[in-house]
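Novice: Have a look at the structure that comes next, please.
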Amino acid sequence: MHLKKTLALTLGLLFSLGAHAENYRWDNVAMGSGGFVSGVIPSKLERGVIYARTDVGGSYRWDGQNGRWIPLTDWIGESDTGLMGVESIAVDPRNAGTVYMLAGTSYFSNGKTVIMRSTDYGQHFTIVDVTAQFKAHGNGMGRSNGERLQVDPGSSNVLFVGTRDNGLFKSVDSGATWTHVSGLNVGSTPNGNGISFVLLDPTSVSGGTAKRIFVGVSRYGSVGPSLYMSKDGGVTFAPVAGAPAGLMPQRAAMTNKGRLYLTYANGAGPHGQSDSEPMTTGQVWEYNTVGGAWTNIT
Numbered sequence: 001m002h003l004k005k006t007l008a009l010t011l012g013l014l015f016s017l018g019a020h021a022e023n024y025r026w027d028n029v030a031m032g033s034g035g036f037v038s039g040v041i042p043s044k045l046e047r048g049v050i051y052a053r054t055d056v057g058g059s060y061r062w063d064g065q066n067g068r069w070i071p072l073t074d075w076i077g078e079s080d081t082g083l084m085g086v087e088s089i090a091v092d093p094r095n096a097g098t099v100y101m102l103a104g105t106s107y108f109s110n111g112k113t114v115i116m117r118s119t120d121y122g123q124h125f126t127i128v129d130v131t132a133q134f135k136a137h138g139n140g141m142g143r144s145n146g147e148r149l150q151v152d153p154g155s156s157n158v159l160f161v162g163t164r165d166n167g168l169f170k171s172v173d174s175g176a177t178w179t180h181v182s183g184l185n186v187g188s189t190p191n192g193n194g195i196s197f198v199l200l201d202p203t204s205v206s207g208g209t210a211k212r213i214f215v216g217v218s219r220y221g222s223v224g225p226s227l228y229m230s231k232d233g234g235v236t237f238a239p240v241a242g243a244p245a246g247l248m249p250q251r252a253a254m255t256n257k258g259r260l261y262l263t264y265a266n267g268a269g270p271h272g273q274s275d276s277e278p279m280t281t282g283q284v285w286e287y288n289t290v291g292g293a294w295t296n297i298t
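Using the numbering used here, the first residue of the sequence shown is number 1, and each one after it goes up by one.
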């Protein structure tokens, strides 16, 4: 009799739970802190399309309608943990839904480095392993520099990427293959940061590609030129005369009137202060690409 009562009570509880069962909605938990947001990259074509990269937490796209950041790299598995270090992001200036990412961390996944490409705002990616040619370090010194990866404003098929130790590379097939650019004689730098940014001038597009390209190098002028310019689409490069020598370039932006704005500091940042890179001062400079004049606008 006792067994029958126990069984009846158990069945009653199960039916009761089933009657009140809910359909759960699983989502990401918002957490504070945990690493650097090392870059925020908006589309210049489509308002509200904004991507963010982090040093150890992958990449995100802003969802303005719901006021939240959508994680784009949560699909990365444990064996590829290093790819959560996103060193650079490039948005196609001719198609806001096409986005590229340079990812890799030197001390994870054997330094595996890839170029990711998405044509649907980061919902899906194709991956090209470039480890044999160059390596990224999304959590390294200078991780807030950039952007190192760029899409040509005149052609969605052409991309450039600046590396930490191996110079400048170019792709003419939307990132599927990469070739070293021999016209720029820059390799590693004393701080291991190499090329700090690549910038293609949209006002210089001719014959389907940008002709004027700027490349920043993470070193003082006493070590070597820190800013180069190409006038022939990357075939040849020459140092830009008059560039600040006592600081190293970190980021740059170009206006549609031929003005180049650059941020400089006495170090690559954001950590690792030393006698050689104390990271105690910085400046903002304007370079007139038409007349060649430099102006400190700090």
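Beta carbons are placed, not taken as given, at the ideal position from N, Cα and C, and that holds for glycine. Owing to the predicted nature of the structure, the values given are computational and were not obtained by experimental measurement.
Is it true that the stretch 199 to 208 meets the stretch 174 to 183, where meeting means three or more beta-carbon pairs spaced less than 8 Å apart?
Specialist: They do not touch, by the three-pair rule.
Novice: Report all residues from its chain with a CB closer than 6 Å to the CB of P225; omit the five preceding and five following residues, and keep chain order.
Specialist: Same-chain partners within the cutoff: P239.
Novice: Which residues does DSSP pair with Q150 in a beta bridge?
Specialist: DSSP, once it has assigned bridges, lists F160 as partnering Q150.
Novice: Assuming F237 and L227 make a contact with CB atoms under 8 Å, what is their CB distance in whole Å?
Specialist: Contact flag wrong, Cβ pair sits at about 10 Å.
Novice: By the 10 Å Cβ neighbour count, where 16 or more other Cβ atoms means buried, how is R212 classified, buried or exposed?
Specialist: Buried, by the Cβ-count rule.
Novice: Hey, S144 and S38: beta-carbon distance below 8 Å or not?
Specialist: Result yes, Cβ atoms of S144 and S38 sit closer than 8 Å.
Novice: Using C-beta distances below 8 Å, list every residue in its chain close to L184, excluding the 5 sequence neighbours before and after it, in chain order.
Specialist: Hits under 8 Å: G167, L168, V215, Y228, S230, G234 and F237.
Novice: Once you ignore the five residues that flank N28 on each side, which residues in its own chain have a CB closer than 8 Å to its CB?
Specialist: Here the set comprises P71 and D74.
Novice: Closest to P42 by CA distance: which of R25, Y60 and G35 is it?
Specialist: The option with the nearest alpha carbon to P42 is Y60.
Novice: Just to confirm, is the Cβ distance from N191 to S155 under 8 Å?
Specialist: No, Cβ-Cβ distance for N191 and S155 is not below 8 Å.
Novice: Three-state secondary structure (DSSP) at M84?
Specialist: Reduced to three states, the DSSP call for M84 is helix.
Novice: On a Cα-Cα basis, can you pick out the residue from T289, K112 and R148 that is closest to K257?
Specialist: Considering only alpha carbons, the answer is T289.
Novice: Can you tell me whether DSSP reads E78 as helix, strand or coil?
Specialist: Residue state, collapsed to three classes: helix.
Novice: At which residues does the beta strand (DSSP E) containing W69 begin and terminate?
Specialist: Where W69 is concerned, the enclosing beta strand (DSSP E) stretches over R68 to P71.
Novice: What residues are listed by DSSP as bridge partners for V284?
Specialist: Beta-bridge pairing links V284 to T263.
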